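Using my numbering, the first residue of the sequence shown is number 30, and each one after it goes up by one.
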Amino acid sequence: MPDMTIANKTFSNNSWQSILEEIKEEVAPLLSQGQVAAYIPELGRVDKNKFGMAVRLINGDLFEIGDSKTNFSVQSISKVFTLTKAFSILKDELWKRVGKEPSGNPFNSLIQLERENGKPRNPFINAGAIVVADCIANNYDDPLNYMIRFIRELADNKNLKLNVNVFQSEKKTGHRNAALAHFMKSYGNIQSEVGDVLDLYFGHCSLELNCVDLSNAFLYLANHGTHPISGKTYLSASQAKRLNALLLTCGTYDAAGDFAFKVGMPGKSGVGGGIAAIIPGLLSISVWSPGLDKHGNSLAGVKALELFTTKTGISIF
Ligand code: DON
Numbered sequence: 030m031p032d033m034t035i036a037n038k039t040f041s042n043n044s045w046q047s048i049l050e051e052i053k054e055e056v057a058p059l060l061s062q063g064q065v066a067a068y069i070p071e072l073g074r075v076d077k078n079k080f081g082m083a084v085r086l087i088n089g090d091l092f093e094i095g096d097s098k099t100n101f102s103v104q105s106i107s108k109v110f111t112l113t114k115a116f117s118i119l120k121d122e123l124w125k126r127v128g129k130e131p132s133g134n135p136f137n138s139l140i141q142l143e144r145e146n147g148k149p150r151n152p153f154i155n156a157g158a159i160v161v162a163d164c165i166a167n168n169y170d171d172p173l174n175y176m177i178r179f180i181r182e183l184a185d186n187k188n189l190k191l192n193v194n195v196f197q198s199e200k201k202t203g204h205r206n207a208a209l210a211h212f213m214k215s216y217g218n219i220q221s222e223v224g225d226v227l228d229l230y231f232g233h234c235s236l237e238l239n240c241v242d243l244s245n246a247f248l249y250l251a252n253h254g255t256h257p258i259s260g261k262t263y264l265s266a267s268q269a270k271r272l273n274a275l276l277l278t279c280g281t282y283d284a285a286g287d288f289a290f291k292v293g294m295p296g297k298s299g300v301g302g303g304i305a306a307i308i309p310g311l312l313s314i315s316v317w318s319p320g321l322d323k324h325g326n327s328l329a330g331v332k333a334l335e336l337f338t339t340k341t342g343i344s345i346f
């Protein structure tokens, strides 16, 4: 591909690639410092020394490094795909059931939900994603299979599947999520059976993707809701703008301010150690490193994205 000039800098294929190489080297000392998400026992077994990254430009060019093709548990990043589906079905009716404000609390907190009458602050904390799962469960006979097919299409990977061990592990130990769901049902904010909604929620969190899949799957958010390669529209331009705003303000939970400050991109993390982010009109980027910081975000992953926006000089600001 020809060189591109962005923000007064010229990027060739070689320069994208050498930026990724520098980042991989600079974050290497951080890999051992994070903690894997042992509260989901099956995730506690993942090797902390993994690191992968992939960048997909909206012209289709792909740059990748390290373990970019190793599958990992996508966890909360999948909330972006369920939100996309629920937002496209319910449109602004969705916001009657889930808010759009940062929570300032951990992603699995119960305390705010009682004060706010069973309406979660935003669709990315667990309570909000469970409401979103309920919206989908109410619209499809086999909602988990429907979502898996949808995510396969977004990622352009027909082989994506869920990890049954992670699914069972979450189902067996996800008492907080069950508490959140029952609590919201008592307020009338969950319509399907709690067990069915949780199966969908745990199911989409247990999907395995790799960095290349994720940067494919996020590309529509970098292009006003339409995937630039397939031409398929998943959200209107206005909805994509709103979803990206939620990613920036709520995508990394009670660290969203710090993430915006350091990284300067809308992005979503998961406790599997993945983070996917976008720059509208330009690219999507994903990183994976399983060691987490105290907020549940990949420690080396956040640093890698910070280095990317610093070294390239490209961010949304
Ligand atoms: O419900 C849970 O706790 C997990 N399935 C998802 C949490 C998660 O990924 C939070 N992200 N940083």
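Heads up, the beta-carbon is just placed ideally off N, CA and C, and yes, glycines get one too.
All values derive from a computational prediction rather than experimental measurement.
**Q.** Beta-carbon contacts of aspartate 32 that lie in its chain and below 8 angstroms, excluding the five residues immediately before and after
**A.** If you number the sequence shown from 1, residue 32 lands on position 3. The beta carbon of aspartate 32 sits closer than 8 angstroms to the beta carbons of Thr39, Phe40 and Ser41 from its chain, once the five residues preceding and following it are set aside; these are given in chain order.
(Q) Going by beta-carbon coordinates alone, are lysine 114 and phenylalanine 196 separated by less than 8 angstroms? (A) Here residue 114 corresponds to residue number 85 of the sequence shown, with the count starting at 1. Here residue 196 corresponds to residue number 167 of the sequence shown, with the count starting at 1. No, the Cβ-Cβ distance between lysine 114 and phenylalanine 196 is not below 8 angstroms.
Q.
Using only the alpha-carbon positions, how far apart do asparagine 43 and cysteine 234 sit?
A. Here residue 43 corresponds to residue number 14 of the sequence shown, with the count starting at 1. Here residue 234 corresponds to residue number 205 of the sequence shown, with the count starting at 1. C-alpha separation (whole angstroms): 35 angstroms.
**Q.** Own chain partners of glycine 95 with C-beta closer than 7 angstroms, once the 5 adjacent residues on each side are dropped
**A.** Residue 95 sits at position 66 when you count from the first residue of the sequence shown. For glycine 95, where only same-chain residues beyond five positions count, the Cβ hits under 7 angstroms are Lys53, Phe80, Gly81 and Met82.
Q.
I'd like to check one pair, valine 223 with alanine 210: are the Cβ atoms closer than 8 angstroms?
A. Working through the sequence shown from its first residue, we reach residue 210 at position 181. Working through the sequence shown from its first residue, we reach residue 223 at position 194. Cβ atoms of alanine 210 and valine 223: closer than 8 angstroms.
Q: Quick one: using the 10 Å Cβ neighbour count with 16 as the cut-off for buried, is serine 61 buried or exposed?
A: The residue given as residue 61 occupies position 32 in the sequence shown. Counting Cβ neighbours within 10 Å, serine 61 comes out exposed, since fewer than 16 surround it.
**Q.** Proximity of valine 109 and alanine 166 at Cβ, strictly below 8 angstroms
**A.** For the purposes of this step, residue 109 is identified with residue 80 of the sequence shown, where counting begins at 1. For the purposes of this step, residue 166 is identified with residue 137 of the sequence shown, where counting begins at 1. Cβ atoms of valine 109 and alanine 166: not closer than 8 angstroms.
Q) Taking the C-alpha atoms as reference points, what is the distance between leucine 229 and phenylalanine 290? A) As a position in the sequence shown, residue 229 is number 200, starting the count at 1. As a position in the sequence shown, residue 290 is number 261, starting the count at 1. Straight-line Cα distance between these residues: approximately 33 angstroms.
Q) Count the other CB atoms within 10 Å of the CB of histidine 256; is the residue buried (16 or more) or exposed (fewer)? A) The sequence position of residue 256 within the sequence shown is 227, counting from 1. Buried, because 16 or more other Cβ atoms sit within 10 Å of the Cβ of histidine 256.
Q | phenylalanine 80: CB within 7 angstroms of a non-hydrogen atom of the ligand DON | A | One-based indexing of the sequence shown puts residue 80 at position 51. Answer for phenylalanine 80: no, Cβ out of range of the ligand DON.
**Q.** Through-space distance from asparagine 146 to serine 315, alpha-carbon basis
**A.** Counting from 1 along the sequence shown, the entry for residue 315 is found at position 286. Counting from 1 along the sequence shown, the entry for residue 146 is found at position 117. Roughly 35 angstroms separates the two Cα atoms.
Q. Could you check where the alpha helix (DSSP H) with threonine 255 kicks off and where it finishes?
A. Working through the sequence shown from its first residue, we reach residue 255 at position 226. Looking at the DSSP string, threonine 255 is not in any alpha helix (DSSP H), and its letter there is neither H nor E.
Q) Using a Cβ-Cβ cut-off of 6 angstroms (strictly less than) and excluding sequence neighbours within five positions of isoleucine 13, which residues of its own chain qualify? A) Because the chain is modelled from 30 through 346, residue 13 falls outside the range shown and cannot be assessed.
Q. When DSSP builds the beta bridges, which residues end up paired with alanine 305?
A. Along the sequence shown, one-based indexing puts residue 305 at 276. Alanine 305 pairs with Lys297 and Ser315.
Q: Please specify which runs of the alpha helix (DSSP H), each continuous and at least 4 residues long, are wholly inside the segment 41 to 117, giving them in chain order.
A: 42 to 56
Q. Closer than 7 angstroms: is that where the CB of asparagine 155 sits relative to any heavy atom of the ligand DON?
A. Numbered from its first residue, the sequence shown carries residue 155 at position 126. At least one heavy atom of the ligand DON is nearer than 7 angstroms to the Cβ of asparagine 155, so yes.
Q | Rounded straight-line distance, which links the Cα of asparagine 252 to that of glycine 63 | A | Within the sequence shown, residue 63 is the residue found at index 34, counting from 1. Within the sequence shown, residue 252 is the residue found at index 223, counting from 1. Spanning the two alpha carbons is a distance of roughly 33 angstroms.
Q) Under 7 angstroms from any heavy atom of the ligand DON, does the C-beta of glycine 23 make it? A) What the structure shows of the chain is the stretch from 30 to 346, and residue 23 is not part of that stretch, so it cannot be assessed.
(Q) Rounded to whole angstroms, what is the Cα-Cα separation between alanine 184 and isoleucine 343? (A) Position 155 of the sequence shown, counting from 1, holds the residue named residue 184. Position 314 of the sequence shown, counting from 1, holds the residue named residue 343. Taking the straight line from one Cα to the other gives about 24 angstroms.
Q) Which one or two residues does DSSP pair with lysine 190 in a beta bridge? A) Reading the sequence shown from its first residue, position 161 is the one you call residue 190. As DSSP reads the structure, lysine 190 sits in a beta bridge with Glu237.
Q.
Just verifying my parser: in three-state terms, what is the DSSP assignment at serine 18?
A. There is no way to answer for residue 18, as the model of the chain reaches only from 30 to 346.
Q) Does DSSP put leucine 272 in a helix, in a strand, or in coil? A) As a first step, residue 272 is located in the sequence shown; it is residue number 243 there, counting from the start. If DSSP states are grouped into helix, strand and coil, leucine 272 belongs with the helices.
Q: Give, in chain order, every unbroken run of the beta strand (DSSP E) that is at least 3 residues long and sits entirely within the segment 317 to 342.
A: Counting whole runs of 3 or more residues, the segment 317 to 342 contains no beta strand (DSSP E) stretch at all.
Q: Could you say which of Lys125, Ser132 and Arg144 lies nearest to valine 160 if we only look at CA atoms?
A: Indexing the sequence shown from 1 puts residue 160 at position 131. By alpha-carbon distance to valine 160, the top candidate from Lys125, Ser132 and Arg144 is Lys125.
Q. At which residue ranges does the segment 109 to 182 contain complete alpha helix (DSSP H) runs of 4 or more residues, listed in the order of the chain?
A. 140 to 144 and 155 to 166
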